[in-house]
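Colleague:
In UniProt numbering, the protein residues as written are 1 to 143.
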């Protein structure tokens, strides 16, 4: 788990550049906020079978109804988080960037640099995972 700006998250990906002159200043500022504000827990790595569209599909096809206490994500962010982030992480690993614009350009180059077949493969993986979830009647499984 990581903590940033008063939020506690799990399995977070953060792309940033390093500015040694402001690192100590930002660390001090973050610590000040931690002392004055409470901590908000954000569960941002929900399982695929907690998505609203997925739940509806499972309810209609197999009669499985889900009850959970954390908010669900939009299907678009689900696709990105579960299928595109691993590729993005691998491509950006061990790179250094001089400023925020360089980070943005690198991420855009990676996401826009894939052809249609790559995105078809990503969507195909989503379909395969969905069918596996239906076959297991919503039980947990490793990807």
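Where is the CB? At the ideal position from N, CA and C, for every residue including glycine.
(1) Is residue 110 closer than 8 Å to residue 91 when the C-beta atoms are compared?
(2) Are residue 107 and residue 88 close, meaning C-beta to C-beta below 8 Å?
(3) Could you pull the start and end residues of the alpha helix (DSSP H) that residue 109 belongs to?
(4) If you reduce the DSSP assignment to three classes, tell me which class residue 97 lands in.
(5) From the DSSP output, in three-state form, read off residue 89 for me.
(6) Terminal residues of the continuous alpha helix (DSSP H) containing residue 126?
Modeller: Inspection of the coordinates gives the following:
(1) Cβ distance < 8 Å, so residue 91 and residue 110 count as in contact.
(2) yes
(3) 100–112
(4) In the structure shown, residue 97 sits in coil (DSSP, three-state: anything other than H, G, I, E or B).
(5) helix
(6) 116–135
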